[in-house]
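Residue numbers for the sequence shown follow my numbering, so the first one is 506 and each next one is one higher.
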Amino acid sequence: MKEILNHLFEYKTLTKDEAKAILTDISQGKYTHVQIASFLTVYMMRSITVAELAGFRDAMLELCLAVDFAEFDPMDVCGTGGDGKD
Numbered sequence: 506m507k508e509i510l511n512h513l514f515e516y517k518t519l520t521k522d523e524a525k526a527i528l529t530d531i532s533q534g535k536y537t538h539v540q541i542a543s544f545l546t547v548y549m550m551r552s553i554t555v556a557e558l559a560g561f562r563d564a565m566l567e568l569c570l571a572v573d574f575a576e577f578d579p580m581d582v583c584g585t586g587g588d589g590k591d
């Protein structure tokens, strides 16, 4: 993490693959709370890039658990409207 933080503190950015790997490692408990806080602080100092966001998104999609609600016949009640299902 030290190399990653030094890289980011020099106002350099992460590639999509680097961002994905870091978030995956965070989810696996490879870093301390202090290291994670330092990592997140970078994004208080500068904006996230599209590549970084895409990498974080890919990691989250890979880490999420699929939930099958098919047997409950769910209905989306938070749509944008206009579908005529009032």
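Even for Gly, the Cβ is constructed at its ideal location relative to N, Cα and C.
Residue from the options whose Cα sits closest to the Cα of residue i
i	options	result
I541	T529, S552 and R551	T529
M506	S543, K525 and E515	S543
G560	V539, I527 and L545	I527
Cβ shell of residue i (< 8 Å), same chain only, five flanking positions each side left out
i	result
H512	L519
Separation of residue j from residue i, as counted between CA atoms
i	j	result
E523	F577	39 Å
P579	F514	46 Å
Y516	C583	39 Å
V547	R562	18 Å
Proximity test, residue i beta-carbon vs the ligand FAD heavy atom, cut-off 8 Å
i	result
V582	What this structure holds is no ligand at all, so the ligand FAD is not there to describe.
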